[in-house]
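K.L.:
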Amino acid sequence: MKKDAETLESELRRASQIEDYLAANDESFVEETVAELMARTFVGKGITKAELARRSGSSTVYVHQVFAGRRCPSRDKVICLCIGMGADLSETQDLLKAAGYAPLYATNRRDAVVMFGLMHGKALEEIDEKLDGNQLEMLS
1 MKKDAETLES ELRRASQIED YLAANDESFV EETVAELMAR TFVGKGITKA ELARRSGSST
61 VYVHQVFAGR RCPSRDKVIC LCIGMGADLS ETQDLLKAAG YAPLYATNRR DAVVMFGLMH
121 GKALEEIDEK LDGNQLEMLS
């Protein structure tokens, strides 16, 4: 059974040997690549990769390279792709973490604007307008 991050962190703090911790928790570690998680999230969204490219402000070639695992998108590009595919906040947070990036934090002004947009199903252009209107760096 997979353990949540909080439980794993607690066990890690108590561990005296890293090897014991790793062996005891092998099934709980995330092994999915960004490309695999992106593909799994994309399934069932009802759009094509060409449409995802348009909605995320990316080229079709770039989107195909990300899905093939040949490109690792930046934090902002992961967010743009999530917005483009209509991912919810939880899916976006999972993809950011899988890519090795910090999740979105409501305590960060820019992140809060992005989170609001994700929670309310806003398009990338709308989120960028809100960011720009609040003198914050746009995503695209």
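Just so we're aligned: 71 in our numbering is position 71 of the sequence shown, and the numbers increase by one with no gaps anywhere.
Every residue gets a Cβ at the ideal spot worked out from N, C-alpha and C, and that includes glycine.
Pop quiz: Leu8 and Ser56 are said to be a contact at Cβ under 8 Å. What is the actual Cβ separation, rounded to whole angstroms?
P.N.:
About 32 Å; that fails the 8 Å criterion.
K.L.:
Exposed or buried, Ser58, counting other C-beta atoms within 10 Å across all chains shown (16 or more means buried)?
P.N.:
Buried, because 16 or more other Cβ atoms sit within 10 Å of the Cβ of Ser58.
K.L.:
Which residue spans inside the stretch 12–57 form an unbroken beta strand (DSSP E) run of at least 3?
P.N.:
none
K.L.:
Look at Gly84 and Gly121 and say whether their C-beta atoms are less than 8 Å apart.
P.N.:
no
K.L.:
Let me make sure I understand the geometry here. Which of Glu27, Leu81, Ala50, Lys97 has the alpha-carbon closest to that of Leu139?
P.N.:
Distance from the Cα of Leu139 is smallest, within the candidate group Glu27, Leu81, Ala50, Lys97, for Leu81.
K.L.:
Can you tell me which of the three DSSP states Thr7 falls into?
P.N.:
helix
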